[in-house]
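Chemist:
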Amino acid sequence: KKAGQNFKGLCPFHTEKTPSFIVSPSKQIFHCFGCGKGGNLFTFIMEYEKLSFIEALRRAADFAGIPLPEEDLQTQIKERTYFEKLYQINEIAAKFFEENLFKKENRNWLQYFKKRGLSEKTIRKFQLGYAPDAKTALLDVLKKNSVDLAEAEKLGLINRSYYSESFIDKFRHRVMFHFHNLSGIIILFGARHLRDEQQPKYLNSPESPIYKKGSILYGLYQAINRIREEDYVILVEGYFDLLQLVEHGQTNVVASSGTALTDYQARLLGRYTQKVLLLYDGDAAGRKAALRNGYILEKNGLNAYIAVLPADEDPDSFLSKNDLKELEPYLKSQLTPIEFEINSFFEENPKPSLQAKNQFVMQLLENLLELNDPLKTGLYLPLISDLLQINEALLIEQYRKLEKRRRRWSKKEEPEAEITPGKGDRFHRGQYLAEAGVVYLLLNGDEKVRNYLVSQLSYDMFETPSFIEVYEAIVTELEERGIVDAKSVMLQFEEAVDVQAALSALDLMEFNDPFKFARDCIFQLKKWSLEKKAQEFQELIRSDHESQDAVAHYTMELMRVRKEINVLIKTHRQGDVEF
596 KKAGQNFKGL CPFHTEKTPS FIVSPSKQIF HCFGCGKGGN LFTFIMEYEK
646 LSFIEALRRA ADFAGIPLPE EDLQTQIKER TYFEKLYQIN EIAAKFFEEN
696 LFKKENRNWL QYFKKRGLSE KTIRKFQLGY APDAKTALLD VLKKNSVDLA
746 EAEKLGLINR SYYSESFIDK FRHRVMFHFH NLSGIIILFG ARHLRDEQQP
796 KYLNSPESPI YKKGSILYGL YQAINRIREE DYVILVEGYF DLLQLVEHGQ
846 TNVVASSGTA LTDYQARLLG RYTQKVLLLY DGDAAGRKAA LRNGYILEKN
896 GLNAYIAVLP ADEDPDSFLS KNDLKELEPY LKSQLTPIEF EINSFFEENP
946 KPSLQAKNQF VMQLLENLLE LNDPLKTGLY LPLISDLLQI NEALLIEQYR
996 KLEKRRRRWS KKEEPEAEIT PGKGDRFHRG QYLAEAGVVY LLLNGDEKVR
1046 NYLVSQLSYD MFETPSFIEV YEAIVTELEE RGIVDAKSVM LQFEEAVDVQ
1096 AALSALDLME FNDPFKFARD CIFQLKKWSL EKKAQEFQEL IRSDHESQDA
1146 VAHYTMELMR VRKEINVLIK THRQGDVEF
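Mapping to my numbering: the sequence shown position 203 is 798, numbers consecutive.
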């Protein structure tokens, strides 16, 4: 039955009289508060029908009418068999490191964690470990377990000795941090050195067949459920920042591990929440990193907020002296990246010169351009106007100038090969003609047709650079003058032979129903745009072997896009139009 935004019913996994099984359509997850089972569509199929992940994937794909070529599934099965071998090697190493930490002779290193304020519960939850100060301690264990040493070398657990061809352990006399993928499998080790000598303080596993740099976040696996429940995540820099927060009861936390956030990691967080609170070091370097990563998150469609700690504190140091209650005011003092950047500017320049202020405004507008999000731009421009006491109309005008300049430069950098009516396959030819059609009607159609097209079109529906430029010129005319002067627009494109030829050809045609022609063009552009997305998700399903969760996510996105295509086709056939 409907229960608010969710659905509630009796759990299919255990006997109960009072419904405790919740399904969230918006988050695409289920959870039973009775037996604790939860997950996504594929987890449900695997649990309920007792199928493997590949079988569940096939079942869901068949139900949704999505073709998954059998050879792709067989390839995935073979690759997963190889990956299972590598996972097992990492599991042997992880068990070795963890067991070593709790040995009597290594109690000093267990105390190292406890002195940092961590309980044994937290230590075991994150499988913290210790690599002994011996050249072949792990190597001997790997040999004992008949591990292929060449594969262990690929995983970065052992190296060739500098002095001979024999293997030695890579991690020695270091405390160990284990990174899990989204299925809970260890794919990466981080290590901190325990001596003050000429050694890297932190050392990580290299890239391998099961790990790519910038593809995972420390602690994400442990935090997923809590992030979903809280509907936001706290992003910190270091291992101990995260561990201290967890120790104090704040468990919706992940760490970037001192590296710059990647677009992939940002999108990864976006699978579970749209809100990210950055809690970085309070010093200049930490503030700079928070701002940079805040914009990366915003660029990838998330809502980023920055919490500012005192200059001499980080989450670890703060919580080693205080409790979570004393941290709460800092967590609540959330600033968007734009607000944070403006505050920082005035802290550094209490009385800025006109030149400094002008340069700063241009920098803010450039940052907005990078977001490529019209809605956020519309929200941020009035905010910038208010905080900097600058006329909003002037800001908008300057932003549009930068936007046009950016598009011109990006087009200059693109390869010269353009899609034209005789080139490429039927898809490209049809796309080209539909683009030409909407541009022609924007220039020559009546107000009803033009209003319909403007309400339906967006820049990402175009593939041909020259038509993007014409569309941009038309939009500018409408925004500035409220009308379109076809001659004025086309004067700007006298030398664009392909545009002139296409529009001249359309000029010779007779349109009995221009509105129907407009609908047909929009239908084709939307359909091809969605099919392009579907193709991208199919490629990701074939190529992303990081985890079942990743494949499941892409498959669900593919199903969503396929559904959109079916709805689009059905609506077009019925002739339903909103204008």
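Every residue, glycine too, gets a C-beta built ideally from N, C-alpha and C.
Mind the definition here: the stretch 1060 to 1072 touches the stretch 1124 to 1132 only if three or more C-beta pairs lie below 8 Å; say whether that holds.
Modeler: Verdict: no, contact absent.
Chemist: Given residue 1051, which residues of its chain have a CB within under 6 Å of its CB, disregarding the five upstream and five downstream residues?
Modeler: Around residue 1051: 1117.
Chemist: Counting only the same chain and skipping the five closest in sequence on each side, list residues whose C-beta sits under 7 Å from that of residue 620.
Modeler: Closer than 7 Å at the Cβ level, and outside the excluded window around residue 620, lies no residue.
Chemist: Take the Cβ of residue 805 as the centre, count every other Cβ of all protein chains shown within 10 Å, and call the residue buried at 16 or more, exposed below.
Modeler: The residue is buried, with at least 16 neighbouring Cβ atoms inside 10 Å.
Chemist: Tell me whether residue 988 is buried or exposed, calling it buried when 16 or more other Cβ atoms sit within 10 Å of its Cβ.
Modeler: Answer is exposed; the Cβ neighbour count stays below 16.
Chemist: Along the chain, which unbroken stretches of the beta strand (DSSP E) at least 3 residues long are found entirely within the stretch 740 to 820?
Modeler: Whole beta strand (DSSP E) segments, 3+ residues: 753 to 755, 762 to 764, 769 to 775, 781 to 788 and 797 to 799.
Chemist: Excluding the 5 residues preceding and the 5 following residue 894 in the sequence, name in chain order all residues of the same chain whose CB lies nearer than 6 Å to its CB.
Modeler: Contacts found: 965 and 966.
Chemist: Tell me the DSSP secondary structure of residue 601 in three-state form.
Modeler: Residue 601 falls in the strand class under three-state DSSP.
Chemist: Count the other C-beta atoms from every protein chain shown that fall within 10 angstroms of the C-beta of residue 1121, then say buried if there are 16 or more, exposed otherwise.
Modeler: Classification for residue 1121: buried.
Chemist: Residue 798 to residue 758, Cα distance in whole Å?
Modeler: Near 21 Å, if we compare the C-alpha coordinates of residue 758 and residue 798.
Chemist: Just the Cα atoms here: how many angstroms apart are residue 722 and residue 716?
Modeler: Their Cα atoms are separated by approximately 10 Å.
Chemist: Residues bridged to residue 900 by DSSP?
Modeler: Per DSSP, 872.
Chemist: Does the distance from the C-beta atom of residue 685 to that of residue 789 stay below 9 Å?
Modeler: No.
Chemist: Using the C-alpha atoms, what's the distance from residue 851 back to residue 1113?
Modeler: Roughly 48 Å between the two C-alpha positions.
Chemist: Taking the CB atoms as reference points, tell me whether residue 930 and residue 956 lie closer together than 9 Å.
Modeler: Contact flag unset, no.
Chemist: Could you give the distance in angstroms between the alpha-carbon of residue 947 and the alpha-carbon of residue 1086?
Modeler: Between residue 947 and residue 1086, the C-alpha separation is close to 43 Å.
Chemist: Alpha carbon to alpha carbon, how far is residue 823 from residue 762?
Modeler: Approximately 44 Å, taken between the alpha carbons.
Chemist: State buried or exposed for residue 728, treating a residue as buried only when at least 16 other CB atoms are found within 10 Å of its CB.
Modeler: So residue 728 ends up on the exposed side.
Chemist: Can you find at least 3 beta carbon pairs, one from the stretch 839 to 848 and one from the stretch 696 to 716, that sit closer than 8 Å?
Modeler: They touch, by the three-pair rule.
Chemist: Looking at the strands, I want to know which residues DSSP matches up with residue 619.
Modeler: DSSP, once it has assigned bridges, lists 624 as partnering residue 619.
Chemist: For residue 1178, count neighbouring Cβ atoms within 10 angstroms of its own Cβ and tell me buried if that reaches 16, exposed if not.
Modeler: Lying before the first or after the last residue shown, residue 1178 is absent from the chain, which here runs from 596 to 1174.
Chemist: Assign residue 658 to one of two classes, buried (16 or more other C-beta atoms within 10 Å of its C-beta) or exposed (fewer than that).
Modeler: Exposed, since its Cβ has fewer than 16 Cβ neighbours within 10 Å.
Chemist: Taking the alpha-carbon of residue 651 as reference, which of 1094, 1147, 628 and 678 has the nearest alpha-carbon?
Modeler: Per the Cα distances, 1147.
Chemist: Can you give me the Cβ contacts of residue 812 inside the same chain, cut-off strictly under 6 Å, excluding the 5 residues immediately before and after it?
Modeler: 849 and 860, listed in sequence order.
Chemist: Once the 5 residues before and after residue 561 are set aside, which same chain residues still bring their CB inside 6 Å of it?
Modeler: Since the first residue shown for the chain is 596 and the last is 1174, residue 561 is missing from the structure and cannot be characterised.
Chemist: What does the Cβ neighbour count give for residue 1078, buried or exposed, with the cut at 16 atoms within 10 Å?
Modeler: The residue in question, residue 1078, is exposed, as its Cβ has fewer than 16 Cβ neighbours within 10 Å.
Chemist: I think residue 871 touches residue 902, with their Cβ atoms under 8 Å apart; what is that distance to the nearest whole Å?
Modeler: Not confirmed; about 11 Å, so no contact.
Chemist: Indicate the three-state DSSP secondary structure (helix, strand or coil) for residue 729 in the structure shown.
Modeler: Coil at residue 729, not helix or strand.
Chemist: So which of 1165, 1048 and 1026 has the shortest CA-CA distance to residue 1036?
Modeler: Taking only the C-alpha atoms, the option nearest residue 1036 is 1048.
Chemist: In terms of alpha-carbon separation, which member of 864, 938, 876 and 618 lies closest to residue 909?
Modeler: Closest option to residue 909, Cα to Cα, is 876.
Chemist: Cutting at 7 Å between CB atoms, please list the residues of its own chain near residue 615, excluding the five before and the five after it.
Modeler: Only 606, 627, 628 and 629 meet the Cβ criterion.
Chemist: Is residue 992 close to chain C, meaning its C-beta is less than 9 Å from at least one C-beta of that chain?
Modeler: Absent from the structure: chain C. Only one protein chain is present.
Chemist: To the nearest whole angstrom, what separates the beta carbons of residue 1125 and residue 1159, a pair I think is in contact under 8 Å?
Modeler: Contact flag correct, Cβ pair sits at about 6 Å.
Chemist: Exposed or buried, residue 970, counting other C-beta atoms within 10 Å across all chains shown (16 or more means buried)?
Modeler: Under this definition residue 970 is an exposed residue.
Chemist: Looking at residue 827: is its Cβ nearer than 9 Å to the Cβ of residue 854?
Modeler: Contact flag unset, no.
Chemist: Per DSSP, which one or two residues make a beta bridge with residue 993?
Modeler: Residue 993 pairs with nothing; no bridge assigned.
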